[in-house]
Amino acid sequence: MQPQLEQLFDEAEKRYLKPEELQTLNQYVGSLPARIDAYRALRDRELEVMQVVADQLQAALPNESVENIERSIKNALLVLRYCAMGMLLNDEAFAVEKLRGWLTQKIQVFQTQMIDQTLYHLLEQRLDTTMTPQQKSLLSPHLQQAKQILLPMSASV
Amino acid sequence: MQRPLLIITLHPPTPLFKLTAMISVADLLTNNRVPGNYFAADTYVRGDLELGILENRRGDRLIAIPETLIQGIYSGLDKETGQASRLVLFNCGKWWGKTFYTRFREELTDYYGVALAEMPMLELLQSLQQCWLTYGWGKLDLDHSLHSHGFLLIKTWESPFAALAPKNEVPYCFLEAGIFASFFSQLTGRELHCVQTTCESMAADCNRFLLGLSQRLKPAEAMVEQRLDHDAIVQRLCA
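Top line first, the protein sequences correspond to chains A and B. Using my numbering, the letters of the first sequence map in sequence onto residues 73 to 229. Using my numbering, the letters of the second sequence map in sequence onto residues -12 to 226.
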C-alpha cells in the first residue's frame, strides 16, 4: 500500500485522523474500483498482449537469438505483473523496489538493452490498443518508473 | 513439453530457407509463474510477532544476531584460545558454509524448479549475491581474472564480520573464509581452500578472498602472516 496510507494507521493510539488524512484514504478507496478494473484488464489479457509483442519483437529483430528474446519476454512478464500489483496498491515504489539491483543487473550482464528497448516500445503500443485510456493512465506511471531503472539510457532521451 | 513451432520463410535473400522458432509466451510460464528475485529482502524475511519468530519465505526459521554478540564471540575466543581462535572461526565457517550450501540449493531448486547444476552460472551468482545482501552480510562479487591460474577471487564489501573485528594485523574474516571454502567445495565437488588477503578491518577498500585447490593455496597463508599485500601474494602464487 501507498506508504503515505500506511503511516495513517501507525498512530492509532495517539490521535484521530485529520480531515485531510481521511481525504487521502477516501481518494485511495474511491480510486480502487478503477484500479481493480485496470488490473483485471491486464490479468485477463496478459498472454494475448505478450504474445503479440513477442511476435512483433521477433519480426523486428530477426538476427537476435531466440534465447535472448525469450529471456527479455520473461522479464517483461515479471515487470508487468509487478507494475500491475503496484497499480492496485497505488505504490509507485513497489515495482521499482522489486526490480532494482536484481533485474537491472541481469539486463546489464546479458546485454539485452537493445531488445528490451524495442520490447517496451511495442508493449506500450499494444497496451494502448488493449486498455482504455483511463486504465492505461493508471498503469503508466508504474511502467515508466520501471523502464527508467531498467533502461536508464533510453529514459533520458 | 510442447515442441516449438517451426515456420519456413519463403522469401529470404540468403540462405534460401530460414528456420525460425516462434516463441510461445504461454510456454515461458511454468505453472503460470514467472519466478522473480527469490532473495528479495522485503519478501524473503518474514516474522510472526505473536509466536516471536523470524522466518524466511519458506517458513524456515531465521535468527538475527546483535553486533555485540559477534564482538563477544571474537573476544571470548581470543581470551580462551588466543591464536587458535582464527582456526576455530575458520572451522565454524566451514561447518556453517556446508549447511548454508544445502539450504541455498534446496531453496533455489524449489523456487526456480531447476537443479542447481543446470542453473546458468550467472543466475546462480546473482542469487548468491542477493542472498548475501538480504542476510545482512554485505555485497559480494566474483572476479574471474585469475581463472586461468586456477584461482577465484571473491570480493565483499560492508561485511559485518570485518566491521566488528578486533584490531588486528592480519585480515580477520575467518568465518567468511570458512563459509566460502566449504560452499564452493560443495558446489564444485572439489576440496577448496580460502584465504583472505585484504580486510576492511585494516582499512582496505574491500575484503578479498582467494579461493583455490587446498595444496596450491596453502602457501598464501604464510604470505598473509608475513604481511605481504594482495598483489604480491597473487604474483607469487601465480608465478
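All residues carry an ideal CB built from backbone N, CA and C; glycine is no exception.
To the nearest angstrom, how far is the alpha carbon of residue i from that of residue j?
i	j	result
Gln206 of chain A	Gly173 of chain A	31 Å
His214 of chain A	Ala126 of chain A	21 Å
Leu129 of chain B	Gln189 of chain A	29 Å
Thr17 of chain B	Met9 of chain B	18 Å
Lys5 of chain B	Gln76 of chain A	Note that Lys5 of chain B has pLDDT 49, beneath the 50 cutoff, so the model's placement of it is unreliable and the number below is only indicative. Each residue's alpha carbon lies about 55 Å from the other.
Ala131 of chain A	Met108 of chain B	30 Å
Thr143 of chain B	Ala113 of chain A	45 Å
Ile179 of chain A	Asp109 of chain A	31 Å
Ala207 of chain B	Arg44 of chain B	40 Å
Gly69 of chain B	Phe77 of chain B	14 Å
Ala51 of chain B	Asp200 of chain A	47 Å
Ala226 of chain B	Leu133 of chain B	12 Å
Gln220 of chain A	Glu164 of chain A	12 Å
Ala190 of chain B	Leu41 of chain B	34 Å
Glu78 of chain A	Glu93 of chain A	11 Å
Leu97 of chain A	Gln117 of chain B	35 Å
Val32 of chain B	Arg223 of chain B	43 Å
Tyr230 of chain A	Ala106 of chain A	Given a span of 73 to 229 for chain A in the structure shown, any question on residue 230 of chain A remains unanswerable.
Val101 of chain A	Ser209 of chain A	17 Å
Leu161 of chain A	Gln99 of chain A	13 Å
Val128 of chain A	Ala167 of chain A	For clarity, residue 128 of chain A is Gln in the given sequence; the question names Val instead. Computed Cα separation, rounded: 25 Å.
Met225 of chain A	Tyr88 of chain B	38 Å
Phe138 of chain B	Leu104 of chain A	56 Å
Ala71 of chain B	Phe161 of chain B	11 Å
Cys155 of chain A	Gln216 of chain A	10 Å
Leu152 of chain A	Arg117 of chain A	12 Å
Pro134 of chain A	Val124 of chain A	15 Å
Go ahead and label residue i buried or exposed: buried means 16 or more other beta carbons lie within 10 angstroms of its beta carbon, across all protein chains shown.
i	result
Asp35 of chain B	exposed
Cys181 of chain B	buried
Lys170 of chain A	buried
Tyr159 of chain B	buried
Ser144 of chain A	buried
Thr185 of chain B	buried
Pro220 of chain B	Sequence check: residue 220 of chain B is Ile here, not Pro. The residue is buried, with at least 16 neighbouring Cβ atoms inside 10 Å.
Arg115 of chain A	exposed
Ala218 of chain A	buried
Phe91 of chain B	buried
Lys154 of chain B	exposed
Gly234 of chain B	In this structure chain B extends from -12 to 226, so residue 234 of chain B is not present and cannot be described.
Ser201 of chain B	exposed
Val211 of chain B	buried
Thr184 of chain A	buried
Glu83 of chain A	exposed
Phe148 of chain B	buried
Asn19 of chain B	exposed
Ser137 of chain A	exposed
Leu211 of chain A	buried
Gly125 of chain B	buried
Can you determine whether any heavy atom of the ligand COA sits closer than 6 Å to the C-beta of residue i, and answer yes or no?
i	result
Arg143 of chain A	With respect to the ligand COA, the structure offers nothing, as it holds no ligand at all.
In chain B, what lies closer than 7 Å to residue i by C-beta?
i	result
Met122 of chain A	Val12
Ile141 of chain A	Ile10
Ala126 of chain A	Ile10, Val12
Thinking C-alpha only, which one of the options is nearest residue i?
i	options	result
Met122 of chain A	B:Gly23, B:Leu15, B:Leu174	B:Leu15
Asp47 of chain B	B:Pro22, B:Ala219, B:Leu151, B:Glu93	B:Glu93
Met186 of chain A	A:Ile141, A:Gln177, A:Lys146, A:Gln95	A:Ile141
Leu174 of chain B	B:Leu103, B:Tyr99, B:Glu156, B:Leu49	B:Leu103
Pro22 of chain B	A:Leu119, A:Gln79, A:Leu175	A:Leu175
Cys79 of chain B	B:Asn194, B:Gly69, B:Ile60	B:Ile60
Glu178 of chain B	B:Gly165, B:Glu187, B:Gln213, B:Met189	B:Gly165
Gly199 of chain B	B:Phe148, B:Ser135, B:Asp218	B:Ser135
Leu149 of chain A	A:Pro134, A:Leu191, A:Gln177, A:Ala84	A:Leu191
Leu127 of chain B	B:Phe161, B:Leu224, B:Phe167, B:Val101	B:Phe167
Leu151 of chain B	B:Gly39, B:Asn19, B:Glu54, B:Arg223	B:Glu54
Phe26 of chain B	B:Glu67, B:Gln58, B:Ser172, B:Tyr99	B:Tyr99
Glu145 of chain B	B:Thr89, B:Asn194, B:His131, B:Leu115	B:Asn194
Leu222 of chain A	A:Asn147, A:Arg198, A:Glu120, A:Pro91	A:Asn147
Asp192 of chain B	B:His217, B:Trp82, B:Thr30	B:His217
Glu110 of chain B	A:Gln177, A:His193, A:Thr204, A:Met203	A:Gln177
Tyr122 of chain B	B:Lys81, B:Arg214, B:Leu49, B:Ser11	B:Leu49
List the residues of chain A that residue i touches, going by C-beta distances under 9 Å, in chain order.
i	result
Asp29 of chain B	Glu169, Lys170
Gln173 of chain B	Neighbours of Gln173 of chain B on chain A: none; closest Cβ ~24 Å, over 9 Å.
Gln113 of chain B	Trp174, Gln177, Lys178, Val181
For a contact meaning CB atoms closer than 8 Å, what does residue i contact in chain B?
i	result
Ile179 of chain A	Ordered by position in chain B, no residue passes the 8 Å Cβ test against Ile179 of chain A, which lies about 12 Å from the chain.
So which residues of chain A does residue i contact, with C-beta pairs closer than 8 Å?
i	result
Val21 of chain B	Lys146, Leu149, Leu150, Arg153
Leu15 of chain B	Glu142, Ile145, Lys146, Leu149
Asn43 of chain B	Those within 8 Å of Asn43 of chain B in chain A number zero; the least Cβ separation is about 17 Å.
For residue i, return the contacting residues in chain A, with the cut-off set at a CB-CB distance below 7 Å.
i	result
Leu109 of chain B	Val181
Gln117 of chain B	Trp174
Which chain B residues sit within Cβ distance under 9 Å of residue i?
i	result
Leu119 of chain A	Val12, Ala13, Leu16
By the criterion of Cβ-Cβ separation under 8 Å, what are the contact partners of residue i in chain E?
i	result
Val101 of chain A	This model lacks chain E altogether; the protein chains it does include are A and B.
Q | Continuous alpha helix (DSSP H) assignments of at least 4 residues falling wholly in the segment 136 to 222 of chain A | A | 138 to 161, 165 to 171, 174 to 182, 185 to 202, 205 to 222, all fully within the segment 136 to 222 of chain A.
Q. Which whole runs of the alpha helix (DSSP H) in the segment 112 to 155 of chain B are 4 residues long or more, in chain order?
A. Along the length of the segment 112 to 155 of chain B, whole alpha helix (DSSP H) runs at least 4 residues long occupy 147 to 150, reported in chain order.
Q | Inside the segment 172 to 199 of chain B only - beta strand (DSSP E) runs reaching at least 3 residues | A | Contiguous beta strand (DSSP E) elements confined to the segment 172 to 199 of chain B occur at 179 to 185, taking only those with 3 or more residues.
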